[in-house]
Amino acid sequence: MGGAGRAAVEAGDVNYLNPAGLVHLKGRFIYTTLSKEDLSLSLSEVSREVIVPASFSYFQRRTKDDLNRDLRWQETRLSLADFVMNKLSMGVTGILSSITFNDIKYNQTNGNLGFFLTPTDHFGIATVFYNVFGSADNVPEGLRLLPKTAVGFNYIFQNFLRLRFDVLSAVHNNFGKPTTMAGFETLVNQWLIARIGHQNDILAHRELVTAGVGFNGPVFSANYAYQGSIKGANFNRHSIDLFFSF
């Protein structure tokens, strides 16, 4: 979906895109993703027994920088959310990040704040403030968790077609050269979903296209996605994610 989804409801995305979407999930969820460089696992609890909807996730990535030096990124997140008024929810995410770079380990803590408004069942609007506590001065500039702001829109047409569009600012909440993300998904049949998306990072001169298919069962779901680079550095990747609800 090109990275868009801040105004959509997806159990695997709430810890990363917008924690306020937690209130619209129902039940318990286990979600995991796997690609060549990344591994993530999340657990969400939004059943009637809990007082506040919550989600916990772990993420790790192994990659290299431009000088071919190893970089390992580990991150743990905890999200909580609730309604602040009718049809408007708010969510917060606490972040504990650890980055090992050039044999030195850097730890950071931060947090995200998200809002989610659903005027109708088929339309959503979201605003998310990322890394609201600023950055750590002892961390190299390229590895710091810097403030950003995003807005997102989600529209569902006749329960058949879903459209998403997000705009993410550059660091320090600068919308002069933002990143735009758009995608749509459609039901091929009762169980099969097809998706396509586009992302354009104006500041980084990077443009991506995404596509994928998914099987969406009543308890178990599996999705395959491909991301390809149109312009800029090579960000080509294949990924698989699995989803269990109970």
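According to the working numbering, the sequence shown holds residues 2 to 247 in order.
Backbone N, C-alpha and C fix where the C-beta goes; we use that ideal spot for every residue, glycine too.
Is residue i helix, strand or coil by DSSP?
i: A223; result: strand
i: H25; result: helix
i: V172; result: helix
i: E50; result: coil
i: E186; result: strand
i: P179; result: strand
i: L18; result: coil
Rounding to the nearest angstrom, what Cα-Cα distance links residue i and residue j in this structure?
i: F154; j: I105; result: 40 Å
i: E46; j: R70; result: 39 Å
i: N24; j: S36; result: A small fix is needed here, since residue 24 is Val in this sequence, not Asn. So the alpha carbons of these two residues sit roughly 28 Å apart.
i: R1; j: G95; result: Nothing about residue 1 can be reported from this structure: the residues present for the chain run from 2 to 247 only.
i: S170; j: S41; result: 25 Å
i: A8; j: T121; result: 12 Å
i: G22; j: H206; result: 30 Å
i: N190; j: G213; result: 15 Å
i: T180; j: V152; result: 11 Å
i: G218; j: I194; result: 11 Å
Check the DSSP bridge columns for residue i and list the partner residues they point to.
i: E76; result: F60, S98
i: H206; result: Its beta-bridge partners do not exist; DSSP assigns none.
i: Y156; result: F124, L164
i: F117; result: S90, A127
i: D39; result: R62
i: R238; result: Q228
i: A8; result: Its beta-bridge partners do not exist; DSSP assigns none.
i: V214; result: A195, Y225
i: F134; result: Answer by DSSP bridge pairing: none, since F134 is not bridged.
Please tell me whether residue i has its Cβ less than 8 Å away from any Cβ of chain D.
i: V15; result: Given the protein chain composition of this structure (a single chain), no chain D is represented.
Notebook entry, point to check: With contact counted as at least three CB pairs below 8 Å, one residue from each stretch, are the region 228-245 and the region 23-33 in contact?
Noted result: yes
Notebook entry, point to check: Would you say the region 134-142 touches the region 107-115, given that touching needs at least three Cβ pairs under 8 Å?
Noted result: yes
Margin query: Three Cβ pairs or more, each shorter than 8 Å: is that satisfied between the region 54-64 and the region 159-177?
Written below: no
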